[in-house]
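Numbering-wise, our numbering puts 1770 at position 293 of the sequence shown, and it's gapless, one number per residue.
Heads up, the beta-carbon is just placed ideally off N, CA and C, and yes, glycines get one too.
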Amino acid sequence: MDTPVEIITVMFADVAGSTTLYEQLGDQQANRLINTVIQQMSEITEKNAGRVIKTIGDEVMCCFERADQAFTTANLIQETLQHRPPENGIKIHVRIGLHTGQALIKEDGDVFGDAVNVAARVAAIAKGDQIITTSDTIEALSPLFQSSCRQFDRISLKGKSEETIIYEVLWESDGVTRMSTIIHSVNTVPASKKLHLKYQGQELTVTTDSSSILLGRGSQCDFIINHAKASRLHAKIEFRRGKFVIIDQSTNGTFVKSNNSKEVYLRREELPLLGNGVISLGMNIKQKDPHQICFSV
1478 MDTPVEIITV MFADVAGSTT LYEQLGDQQA NRLINTVIQQ MSEITEKNAG
1528 RVIKTIGDEV MCCFERADQA FTTANLIQET LQHRPPENGI KIHVRIGLHT
1578 GQALIKEDGD VFGDAVNVAA RVAAIAKGDQ IITTSDTIEA LSPLFQSSCR
1628 QFDRISLKGK SEETIIYEVL WESDGVTRMS TIIHSVNTVP ASKKLHLKYQ
1678 GQELTVTTDS SSILLGRGSQ CDFIINHAKA SRLHAKIEFR RGKFVIIDQS
1728 TNGTFVKSNN SKEVYLRREE LPLLGNGVIS LGMNIKQKDP HQICFSV
């Protein structure tokens, strides 16, 4: 009989810098600490409808039927460990990778296949205190959870012809986790959001009732950007599923930077606009560049 194939979300979470822990704390104390953290992560997983597949040294592998369950679990793991007191002055940090895709489920409960391989690769990219995921997971998330992610990088994966876009989950803000607020406000997204744009004396307010707003150097654009790197119809902004989204449709791409986050490059892609920041059409973002568009939501 063929092994069943299911669409699931796989999560790998491991203790970052475990080698240093063994050097600084000694084998017994480090092993005890890592086992305690693995147990904490396993309990959080099971409380959020996840299933622990296996633990391997300083790592736990889990799976979830829904991406939202994995997203919630990953956030709560990071929140819990952020508040865990240091051990002999050493703070524990965990890195987490998530991926949604096809997997084979064996009779003994083990899981293997493409989803497992990609999740493991993504987890290896993450640093301590980071949650990294893929565009497949982003598409499977509810809109509010999607808005807490930002494009992070592109990676080449064995067996895939195209690069995989990966995202970072923004699970903390100003050093204080907002995950509990997000979870309890899924059905209370404000209906009166506004997006404010400013550029060289031009100002425009985009509301939830606005149609698509065009950015570019063409005269038909709602916001005209006068520089050679901008395409005539460079990008558009629209309100979808509770958030303002910028969609690049240009030759040179669009650069977006929100406050306290890294610059994101879009090429025929889209990105939610969160908080305050700047948009640059066709050029990298630089300080005090007169051709940048300032935005605030």
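Does the distance from the CB of residue i to the CB of residue j come in under 8 Å?
| i | j | result |
| --- | --- | --- |
| residue 1735 | residue 1719 | no |
| residue 1725 | residue 1712 | yes |
| residue 1721 | residue 1749 | yes |
| residue 1610 | residue 1540 | no |
| residue 1569 | residue 1488 | no |
| residue 1691 | residue 1683 | no |
| residue 1483 | residue 1580 | yes |
| residue 1728 | residue 1743 | no |
| residue 1454 | residue 1513 | In the structure as shown, the chain starts at 1478 and stops at 1774, and residue 1454 therefore has no counterpart that could be examined. |
| residue 1526 | residue 1542 | yes |
| residue 1626 | residue 1595 | no |
| residue 1515 | residue 1495 | no |
| residue 1741 | residue 1756 | no |
| residue 1747 | residue 1770 | no |
Per the DSSP calculation, residue i is bridged to which residue(s)?
| i | result |
| --- | --- |
| residue 1720 | 1717 |
| residue 1712 | 1692 and 1725 |
| residue 1580 | 1483 |
| residue 1538 | 1489 and 1531 |
| residue 1679 | 1676 |
| residue 1741 | 1733 |
| residue 1630 | 1643 |
| residue 1671 | 1684 |
| residue 1575 | 1488 |
| residue 1700 | 1692 |
Taking the alpha helix (DSSP H) that residue i belongs to, which residues open and close that run?
| i | result |
| --- | --- |
| residue 1495 | 1495 to 1502 |
| residue 1616 | 1612 to 1617 |
| residue 1748 | From DSSP, residue 1748 is part of no alpha helix (DSSP H) but of the beta strand (DSSP E) over 1747 to 1749. |
| residue 1545 | 1544 to 1559 |
| residue 1620 | 1620 to 1623 |
| residue 1596 | 1591 to 1602 |
Which value, in whole angstroms, describes the spacing of the CA atoms of residue i and residue j?
| i | j | result |
| --- | --- | --- |
| residue 1629 | residue 1577 | 17 Å |
| residue 1532 | residue 1624 | 31 Å |
| residue 1774 | residue 1670 | 7 Å |
| residue 1545 | residue 1538 | 17 Å |
| residue 1633 | residue 1642 | 9 Å |
| residue 1688 | residue 1737 | 29 Å |
| residue 1695 | residue 1549 | 43 Å |
| residue 1586 | residue 1701 | 57 Å |
| residue 1562 | residue 1710 | 52 Å |
| residue 1517 | residue 1582 | 25 Å |
| residue 1554 | residue 1679 | 44 Å |
| residue 1761 | residue 1767 | 12 Å |
| residue 1714 | residue 1693 | 12 Å |
| residue 1764 | residue 1509 | 48 Å |
| residue 1593 | residue 1620 | 24 Å |
| residue 1529 | residue 1584 | 15 Å |
| residue 1759 | residue 1616 | 26 Å |
| residue 1631 | residue 1497 | 29 Å |
| residue 1659 | residue 1622 | Residue placement at residue 1659 is flagged as unreliable, the pLDDT there being 43, under the threshold of 50; a coordinate-derived value is accordingly withheld. |
| residue 1649 | residue 1600 | 18 Å |
| residue 1612 | residue 1618 | 10 Å |
| residue 1547 | residue 1607 | 14 Å |
| residue 1502 | residue 1588 | 34 Å |
Apply the 10 Å Cβ neighbour rule to residue i and answer buried if 16 or more other Cβ atoms are within range, or exposed otherwise.
| i | result |
| --- | --- |
| residue 1522 | buried |
| residue 1536 | buried |
| residue 1491 | buried |
| residue 1651 | Low confidence applies to residue 1651: its pLDDT is 40, below 50, so where it sits in the model is not reliable enough to give any reading. |
| residue 1598 | buried |
| residue 1677 | exposed |
| residue 1697 | exposed |
| residue 1505 | exposed |
| residue 1603 | buried |
| residue 1507 | buried |
Is residue i near the ligand MG - that is, is its Cβ less than 7 Å away from at least one heavy atom of it?
| i | result |
| --- | --- |
| residue 1591 | As for the ligand MG, it is missing from this structure, which has no ligand bound. |
Starting from residue i, follow the beta strand (DSSP E) in both directions and report where the run begins and ends.
| i | result |
| --- | --- |
| residue 1490 | 1482 to 1492 |
| residue 1753 | 1753 to 1758 |
| residue 1770 | 1770 to 1773 |
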